[in-house]
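A.B. asks:
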Amino acid sequence: MSEARLIDGRAEAEALRLRVTAEVAELKARHGLTPGLAVVLVGEDPASEVYVRSKGEQSRAAGMHSVTHKLPADTPQSALIDLVRQLNADPAIHGILVQMPLPKGLDEKAVIEAIDPDKDVDGLHVVNAGRLSQGLPALAPCTPVGCMILLHQTLGEDLSGLRAVVLGRSILVGRPVAQLLLQADCTVTIAHSRTRDLASVCREADILVAAVGRPRMIPGDWIKPGATVIDVGINRVPFDDPVKAAEGRTKLVGDVDFKSARRVAGAITPVPNGVGPMTVACLLANTVTAARRIRGI
Ligand code: NDP
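The sequence shown begins at 150 in the working numbering and counts up by one.
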């Protein structure tokens with residue numbers, strides 16, 4: 150039996166970064182505009198620090214203006230909101246991203262709502278979510294945008310009429326990816342923890358997007374033969390090798406059981422190096438889009 154084609158997120162992200170870099174150079178040369186991204190990190194969560202560093206490095210490498218604000222974990226809500234307001238008013242900044250999750254005691258929703266929707270490059274503000282749900286131009290969340298780029302790369306421009314099943318309904322991934330699939334004229338089902346007979350729902354999918362956060366939850370026999378599988382999940386688990394596991398070593402796996410799924414699917418994203426690399430590349434692309442819109446270009 151032939152194996153599914155691997156969807157190479159790393160290569161696709163690199164191609165997108167090159168397009169963004171060229172666009173930034175053009176905006177500088179023709180319009181004197183340098184897109185600017187501000188990333189705010191509160192506290193010292195090690196995973197968040199890695200993400201924030203990578204966002205800073207990649208935006209600078211693309212020629213953007215990039216600033217990182219690091220605040221202590223005990224920062225009061227009012228001080229964080231003041232910083233967001235300062236960035237809203239800063240003409241050199243076109244994109245603002247507050248790294249989530251925030252430390253306990255800070256109200257994530259209130260912080261997101263304080264961001265100017267035109268600078269909300271994470272696409273989490275209710276204005277952007279509303280615009281997306283009405284099919285209006287919006288800054289859409291980065292990971293869902295990345296999923297759509299990978300789907301178009303795999304299946305071509307026309308996804309019309311395909312049955313898409315999205316597992317997960319978070320505002321960060323599940324809901325916005327479902328909206329983008331709907332905009333692409335797919336027939337969309339959103340499944341979640343209360344969905345009955347998840348296996349049958351998944352088996353209907355020409356496109357299956359898994360954003361659950363449960364390691365290897367979706368086995369190969371839930372997948373329609375030939376389907377395209379986008380695995381958003383990032384889960385850290387012990388190595389299968391008992392020696393490595395005993396040393397406490399861990400690895401990353403997706404929500405899909407890659408081994409069995411690969412024997413059934415037509416194409417599949419690996420974890421790591423599937424959806425993951427697309428997220429930061431799409432953040433850069435969103436920042437360029439925001440800069441263009443703010444300047445009316
Ligand atoms: P959330 O925890 O916010 O949402 C998970 C969703 O999965 C919820 O809607 C939940 O349903 C649903 N769910 C949970 N258990 C089940 C189950 N047994 N059966 C069916 N549905 C279930 O997670 P996120 O959306 O933020 O992230 C999902 C995954 O994607 C995580 O692994 C995360 O690490 C990863 N991720 C990866 C990114 C990347 O760059 N590649 C970026 C962002 C996230 P309900 O609503 O009913 O509770």
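We put the CB at the ideal spot given by N, CA and C, even for glycine.
Going by beta carbon distance, what residues of the same chain come within less than 6 Å of Ile245, once the five residues before and after it are set aside?
C.D. replies: Translated into positions along the sequence shown, residue 245 becomes position 96. Counting only Cβ-Cβ distances below 6 Å, and skipping sequence neighbours, we find Ala187, Leu236, Ile264, Lys268.
A.B. asks: Return yes when the Cβ of His243 is within less than 8 Å of the Cβ of Gly185, no when it is not.
C.D. replies: For this step, residue 185 is matched to residue 36 along the sequence shown. For this step, residue 243 is matched to residue 94 along the sequence shown. Yes, the Cβ-Cβ distance between Gly185 and His243 is below 8 Å.
A.B. asks: By Cβ distance, which residues of its chain are closer than 6 Å to Ala289, with the 5 residues on each side in sequence left out?
C.D. replies: Here residue 289 refers to the residue found at position 140 when the sequence shown is read from its first residue. Around Ala289: Gly272, Leu281, Pro325.
A.B. asks: Could you give the uninterrupted runs of the beta strand (DSSP E) lying entirely in the segment 231-292, keeping only those of 3 residues or more?
C.D. replies: 244-247
A.B. asks: Below 8 Å CB to CB, which residues in the same chain sit around Cys431 once its five sequence neighbours on both sides are set aside?
C.D. replies: On the sequence shown, residue 431 is found 282 positions in, with the first residue counted as 1. So the qualifying residues of the chain are Leu165, Cys291, Thr292, Val294, Gly295, Ile298.
A.B. asks: Please report the straight-line C-alpha distance between Arg234 and Arg441, rounded to a whole angstrom.
C.D. replies: The residue you call residue 234 lines up with position 85 of the sequence shown. The residue you call residue 441 lines up with position 292 of the sequence shown. In a straight line, the C-alpha of Arg234 is about 21 Å away from that of Arg441.
A.B. asks: Please confirm whether Ala340 and Val405 have their CB atoms less than 8 Å apart.
C.D. replies: The residue labelled residue 340 in the question sits at position 191 within the sequence shown. The residue labelled residue 405 in the question sits at position 256 within the sequence shown. No, these two residues do not count as a Cβ contact at 8 Å.
A.B. asks: Nearest by alpha-carbon distance to Val437: which of Ser349, Thr399, Arg202, Ala174 is it?
C.D. replies: Here residue 437 refers to the residue found at position 288 when the sequence shown is read from its first residue. Nearest option by C-alpha distance: Ala174.
A.B. asks: Taking all protein chains shown into account, decide if Arg411 is buried (16 or more other Cβ within 10 angstroms of its Cβ) or exposed.
C.D. replies: Here residue 411 corresponds to residue number 262 of the sequence shown, with the count starting at 1. Buried.
A.B. asks: Please classify Thr399 as buried or exposed, where buried requires at least 16 other C-beta atoms within 10 Å of its C-beta.
C.D. replies: Here residue 399 refers to the residue found at position 250 when the sequence shown is read from its first residue. So Thr399 ends up on the exposed side.
A.B. asks: Tell me whether Ile372, by its Cβ, gets closer than 7 Å to a heavy atom of ligand 1.
C.D. replies: Translated into positions along the sequence shown, residue 372 becomes position 223. Flag unset: Cβ of Ile372 not near ligand 1.
A.B. asks: Between Met213 and Arg444, what straight-line distance do the alpha-carbon atoms span, to the nearest angstrom?
C.D. replies: Here residue 213 refers to the residue found at position 64 of the sequence shown. Here residue 444 refers to the residue found at position 295 of the sequence shown. Computed Cα separation, rounded: 15 Å.
A.B. asks: By Cβ distance below 7 Å, which residues in the same chain neighbour Gln328 in space, the five residues on each side in sequence not counted?
C.D. replies: Taking the sequence shown and counting its residues from 1, the one referred to as residue 328 is at position 179. Contacts found: Leu281, Ser282.
A.B. asks: Since Ala414 contacts Thr377 with CB under 8 Å, what's their CB separation in whole angstroms?
C.D. replies: Numbered from 1 along the sequence shown, position 265 holds the residue referred to as residue 414. Numbered from 1 along the sequence shown, position 228 holds the residue referred to as residue 377. So it is a contact: roughly 7 Å between Cβ atoms.
A.B. asks: Return yes when the Cβ of Val315 is within less than 8 Å of the Cβ of Leu251, no when it is not.
C.D. replies: Start at 1 with the first residue of the sequence shown, and residue 251 comes out as number 102. Start at 1 with the first residue of the sequence shown, and residue 315 comes out as number 166. 8 Å or more divides the Cβ of Leu251 from the Cβ of Val315.
A.B. asks: When the Cα atoms are used, what is the spatial distance from Leu433 to Leu401?
C.D. replies: In the sequence shown, residue 433 corresponds to position 284, counting from 1. In the sequence shown, residue 401 corresponds to position 252, counting from 1. Each residue's Cα considered, the two are about 24 Å apart.
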